[in-house]
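J.:
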Amino acid sequence: MIWLTWRQHRVILAIGALGALGLVVWMLVVEHDYASGRAALTRACPSFGSTGPGGGPLTAGCDVVFSRIVQATDQADIIRVLLLAVPLVAGVLLGAPLVAGELEHDTVVLAFTQGISRTRWLVTRWLTVLAPVVAAMAALAVFLNWWFWHIQTSGDVSNFGLASSVAEGASRIKPGTFDSTGIVLVAYAVFAVALGAALGAILRRTFWAGLVTVGAFATARLLFVYWIRSHLLTPLYQPLGTMPLTSAPPIWVVTSGYRDVAGSRVPLTAASIQHVTTLCSQASGATGSQVYGVYEKCVAAHGIQFGTYYQPSSRFWVLQWSEAALFVAAAVALFGVTLWAVRRWRA
Amino acid sequence: MTAALEARGLGRRYRSKWGLRHCDLTVPAGSVTGLVGPNGAGKTTLLRMAAGLARPTEGTVSVFGEPVRPNGTAHLGRMGYLDQLHPMYRRFRVEEMLTVGRRLNLQWDDEAAHRWIDELGIPLTARIRQLSGGQQAQVALAVCLAKRADLLLLDEPVASLDPLARMRLLQVLMGTVADRGTTVLLSSHIISELEPVCDHLVIMSSSTVQVAAPIDDLLAGHRLLTGPAGDPPAIDGQVVSLVRAPRQTSALVRGTAPQPGPGWEVLEPNLEEVVVAYLANPETTMAGPAGDRPPDPVGGPDPVPGSTPGPVGGAS
């Protein structure tokens with residue numbers, strides 16, 4: 078059964094491996110561009126880093142080097158988007174036809190009248206396809222960890238001159254980078270393949286299973302990015318004015334809002350907030366000077382704080398493992414659905 | 010004799026229409042049973058339920074005394090099933106299809122499978138999709154036979170073959186089966202090709218089993234009467250079919266001594282004549298003992314094989 082599954086999927090698995098390899102080579106090229114660009118930048122315009130973009134005396138050579146780094150940044154952005162799509166590609170090309178392909182070509186009739194049970198047929202099939210996907214994604218995740226760290230420290234133009242740890246932390250906890258690094262990438266791929274297989278078993282058509290997989294996978298991912306992930310751990314709270322105002326703080330700002338002395342959130346629509354804000358707007362308007370600070374002090378005096386709810390970058394791995402665990406759990410549940418549909422199937 | 014396959018009150022409904030109903034059938038172990046009947050008579054439905062591929066709406070089917078459960082494995086090892094569509098992995102090479110069979114079955118005669126393919130002149134390296142329909146059927150049968158099953162369920166195994174290939178395939182089948190005493194239930198449209206290989210025959214029509222009997226009994230238990238045009242005389246036996254031609258009347262009668270009287274000739278029918286007579290009269294069964302019924306004096310033209318069938322005398 079392992080042999081049969083491998084034989085049926087070897088072309089797609091080989092194409093997938095080649096694609097992943099191509100991506101890795103591209104990433105190496107981009108990283109090289111960054112590293113050499115940064116070295117050239119320090120040579121061509123040594124004062125650039127200290128004063129920020131446009132601050133130093135720009136020579137013609139400096140301009141060329143600068144645009145080279147910008148180009149590499151654009152390519153890195155494309156790679157990030159591609160990385161987001163990699164699990165989905167696995168789901169559509171491997172997951173959707175896993176059961177549906179057999180159903181629509183009647184080869185289940187052959188498979189289910191040989192010597193093995195339907196349960197064993199599906200378990201073997203599912204695991205045989207998932208194993209190389211997991212291996213490849215894990216290898217890619219390890220490589221990505223290195224790659225992101227390198228391109229962040231060796232020349233992200235916006236963070237140029239910042240401490241490397243800040244620059245690294247700045248990006249990886251935030252949606253986007255969080256989604257295309259680390260262990261979650263493996264979990265997304267497992268989930269996408271399981272989703273494709275389950276939809277294929279229910280819809281019985283590879284095309285429709287693939288199409289619905291795209292929609293369902295995107296929905297699940299967006300739900301996590303915009304809603305579930307920020308609540309996996311209770312966000313920390315930082316009152317306004319106490320946060321270091323760097324251009325890219327190493328946190329992920331979930332939301333901002335008011336809270337009372339006890340620390341519980343007060344909705345903006347609450348009567349107390351409206352009362353205080355109206356009161357303080359008048360107070361700060363009356364003084365005329367230092368409007369911002371006066372307003373803040375006035376609000377604080379009434380026992381209300383304005384601030385930011387955020388996830389610090391130190392929580393990166395906790396959030397990664399939590400989200401990965403949830404996606405893998407969903408994949409296991411989807412396997413159950415697939416098994417139910419396969420055992421229920423009748424000619 | 011134990012039953013290789015036993016159906017009791019078996020039925021399957023497709024939405025509003027019954028594909029098979031009230032099916033009671035016993036296929037004795039070691040027999041080679043032919044399954045004949047028009048399209049839609051329920052042959053495929055019966056075979057698929059016996060193979061655990063379709064769920065009975067009512068009744069049960071068991072293989073060697075074990076009820077067939079689609080998610081069980083008990084029936085899988087003892088049963089070989091050949092679908093009429095010969096589903097195979099079309100991108101695979103012939104050799105790889107044999108590997109599929111070897112790896113998915115506990116019992117597998119690899120040497121025999123390769124020998125059959127070799128004898129049929131099919132290259133092992135050819136891809137399934139490049140083969141002709143007949144060659145595909147032969148590869149599918151080889152995969153089915155190499156399982157060394159005790160019961161073979163073959164749905165139209167020779168339908169897509171030319172006459173010569175049919176003969177060769179049936180020879181391979183019978184050679185294999187005779188050695189091991191395998192039970193075979195095979196469906197076909199063509200009665201003449203079943204006669205040399207089968208010892209039992211099941212005639213299906215109108216979604217149920219019309220007749221199930223050993224072929225010898227069918228041949229010995231019926232007589233073909235031909236006589237002058239007009240109403241036949243009182244016949245001692247069950248009239249299965251009555252055909253009135255302008256110059257003569259012929260009747261297929263169940264029973265061995267019809268004694269129709271002077272002017273009538275009594276012949277032993279061949280299998281095709283018996284089967285066609287029953288198929289033309291789907292209401293007629295072999296229920297009840299032969300020869301204890303008075304002839305049914307039905308007037309009007311009776312259906313000729315090939316003409317529109319209608320209600321006919323001699324019903325059970």
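Chains A and B supply the protein sequences, listed in that same order.
Per the numbering used here, the first sequence starts with residue 78, numbered consecutively.
Per the numbering used here, the second sequence starts with residue 10, numbered consecutively.
Think of the CB as a built atom: it goes at the ideal place given N, C-alpha and C, for glycine as much as any other residue.
1) Tell me which residue opens and which closes the alpha helix (DSSP H) that M88 (chain B) is part of.
2) Can you check whether the C-beta of F189 (chain A) is within less than 9 Å of a C-beta belonging to chain B?
3) Would you call W198 (chain A) buried or exposed, if buried means 16 or more other Cβ atoms sit within 10 Å of its Cβ?
4) Pull up the CB-CB distance for L133 (chain B) and R111 (chain B), whole angstroms please, since I reckon it's below 8 Å.
5) Quick check on R24 (chain B) - is its C-beta less than 9 Å from some C-beta in chain A?
6) Give the secondary structure of P269 (chain B) by DSSP, where H, G and I count as helix, E and B as strand, and everything else as coil.
7) Within the 9 Å Cβ cut-off, does W398 (chain A) reach chain B?
8) Taking the straight line between their C-alpha atoms, what separation do you get for M214 (chain A) and A266 (chain A)?
9) Which value, in whole angstroms, describes the spacing of the CA atoms of S215 (chain B) and H182 (chain A)?
10) Beta strand (DSSP E) containing M213 (chain B): first to last residue?
11) Can you give me the Cβ contacts of W399 (chain A) inside the same chain, cut-off strictly under 8 Å, excluding the 5 residues immediately before and after it?
12) Mind checking whether V186 (chain A) and A418 (chain A) have CB atoms under 9 Å apart?
13) Please list the terminal residues of the continuous beta strand (DSSP E) segment that includes F101 (chain B).
14) Out of A:T354, A:S391 and A:F393, state which residue places its alpha-carbon closest to the alpha-carbon of H379 (chain A).
15) Is L91 (chain B) near the ligand ADP - that is, is its Cβ less than 8 Å away from at least one heavy atom of it?
16) When you compare the CB of I193 (chain A) with every CB in chain B, is at least one pair closer than 9 Å?
17) With a threshold of 9 Å between beta carbons, is L81 (chain A) in contact with chain B?
18) Within 10 Å of its beta-carbon, does R201 (chain B) have 16 or more other beta-carbons around it, so buried, or fewer, so exposed?
19) Rounded to the nearest angstrom, what separates E292 (chain B) and R78 (chain B) at their Cα positions?
20) If you reduce the DSSP assignment to three classes, tell me which class K251 (chain A) lands in.
21) Would you mind sorting D164 (chain B) into buried or exposed? The rule is 16 or more other CB atoms within 10 Å of its CB.
22) Could you spell out the range, first to last residue, of the beta strand (DSSP E) harbouring P237 (chain B)?
23) Hey, out of B:T66, B:V248, B:V186 and B:V218, whose CA is closest to C230 (chain B)'s CA?
24) Determine the direct distance from the alpha carbon of S333 (chain A) to that of W203 (chain A), and round the result to whole angstroms.
25) Short check: CB of G68 (chain B) to CB of I212 (chain B), under 9 Å?
26) Could you check how far apart the C-beta atoms of V72 (chain B) and L19 (chain B) are, in whole angstroms? I think they sit under 8 Å.
27) Using 9 Å as the threshold, is the C-beta distance between V200 (chain A) and L416 (chain A) below it?
28) For K52 (chain B), count neighbouring C-beta atoms within 10 Å of its own C-beta (all shown protein chains included) and say buried if the count is 16 or more, exposed if not.
29) So the candidates are A:G192, A:A216 and A:I328; which of them puts its Cα closest to the Cα of S391 (chain A)?
30) So, at 7 Å on beta carbons, what are the nonlocal neighbours of A188 (chain A) in its own chain, with the 5 sequence-adjacent residues on each side left out?
31) In chain A, what lies closer than 8 Å to R112 (chain B) by C-beta?
32) Cβ atoms of L100 (chain A) and L161 (chain A): under 9 Å apart, would you say?
33) Looking at the structure shown, is F383 (chain A) part of a helix, part of a strand, or coil, going by DSSP?
34) Taking D151 (chain A) as the reference, give the member of A:V107, A:L221, A:A97 and A:Q315 with the closest Cα.
35) Using a Cβ-Cβ cut-off of 9 Å, state whether D337 (chain A) counts as contacting chain B.
36) Could you say which of A:W394, A:S144 and A:P252 lies nearest to Y303 (chain A) if we only look at CA atoms?
T.: Once the coordinates are examined:
1) Here M88 (chain B) belongs to no alpha helix (DSSP H); instead the beta strand (DSSP E) covers M88 to L91.
2) yes
3) buried
4) Contact flag wrong, Cβ pair sits at about 13 Å.
5) no
6) coil
7) no
8) 8 Å
9) 29 Å
10) H209 to S214
11) Correcting the residue identity first, residue 399 (chain A) is Ser in this sequence and not Trp. Closer than 8 Å at Cβ, skipping near neighbours: L309 and L310.
12) no
13) Counting along the chain, F101 (chain B) falls outside any beta strand (DSSP E), and DSSP gives it neither H nor E.
14) A:T354
15) Of the ligands one can find in the structure shown there are none, so the ligand ADP has no counterpart to examine.
16) yes
17) yes
18) Strictly speaking, residue 201 (chain B) in this sequence is Ser, with Arg absent from that position. The residue in question, S201 (chain B), is exposed, as its Cβ has fewer than 16 Cβ neighbours within 10 Å.
19) 32 Å
20) coil
21) buried
22) H231 to P237
23) Here the sequence assigns Gly to residue 230 (chain B), which means Cys is not the residue at that position. Measuring from the Cα of G230 (chain B), the nearest candidate turns out to be B:V248.
24) 44 Å
25) no
26) So it is not a contact: roughly 13 Å between Cβ atoms.
27) yes
28) buried
29) A:I328
30) E179 and W198
31) M78, W80 and L81
32) no
33) strand
34) A:V107
35) no
36) A:P252
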